[in-house]
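As structure tokens, the structure follows; a few thoughts come after it.
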Amino acid sequence: MDTGQLLKKKTVLVVEDDHITLHYLSRLIGFRTSKVYQAINGQDGLDKCAQHQPDIVVTDLEMPVMSGMRMLDIMKDQTPERPVIVVTAFNDENHLVPRADAMLVKPINKNDLIRILQDAALQTEKS
């Protein structure tokens, strides 16, 4: 099975406090996956993750209530095999996220996002 077909079977949680970016990512990902869930901050992300058990998580870092970094740490402690993709505006060594499975720098390149999602879908099959 090719990675595009594999991705169509996966569910994704998008965690982003900016509503325009949340809508954009959700639409872009939704065309290529089984289902997209949305959360507006880290705490909401943890709640939706517990409720829906998505295969892949895509998250921003800088958010109110709970940061994406804190959410990522909690998620990785609970389910280390679930791929988490970080989307950030920062592109320097001070903002590296060691526990992230992949990072994308804003503005988001659609082709890079799809490639990273396909890699994450493959990763879920190996765990």
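With the numbering used here, you'll find the sequence shown wraps up at 257, consecutive numbering, no jumps.
Don't be surprised by glycine CBs; every beta carbon is placed ideally from N, CA and C.
Separation of residue j from residue i, as counted between CA atoms
| i | j | result |
| --- | --- | --- |
| Q253 | P237 | 25 Å |
| T162 | G134 | Residue identity check: residue 162 is Arg in the sequence provided, not Thr. Spanning the two alpha carbons is a distance of roughly 7 Å. |
| P228 | D203 | 10 Å |
| N224 | V235 | Note on N224: pLDDT 47, under 50, position unreliable in the model; the coordinate value appears next. Approximately 14 Å between the Cα atoms of the pair. |
| M199 | L191 | 6 Å |
| S164 | L158 | 12 Å |
| D259 | H149 | Residue coverage of the chain in this structure runs from 131 to 257, which leaves residue 259 outside it and unanswerable. |
| A232 | S156 | 18 Å |
| G172 | S197 | 5 Å |
Segment limits, alpha helix (DSSP H) that includes residue i
| i | result |
| --- | --- |
| K178 | 172 to 182 |
| I150 | 149 to 160 |
Enclosing beta strand (DSSP E) for residue i [first to last residue]
| i | result |
| --- | --- |
| K165 | 165 to 169 |
| T189 | 186 to 190 |
Beta bridge counterpart(s) of residue i as assigned by DSSP
| i | result |
| --- | --- |
| T204 | The sequence shown places Ile at residue 204, rather than the Thr named in the question. Note: I204 sits in no beta bridge, so no partner. |
| L136 | DSSP output for L136 lists no bridge partner at all. |
| V195 | Per DSSP, none; premise fails for V195. |
| A250 | Answer is none; A250 lacks a bridge partner. |
Anticipated Cβ contact below 8 Å, residue i with residue j, distance rounded
| i | j | result |
| --- | --- | --- |
| K140 | D185 | 4 Å |
| T189 | M201 | 7 Å |
| Y167 | H153 | Y167 to H153, Cβ: 14 Å. No contact. |
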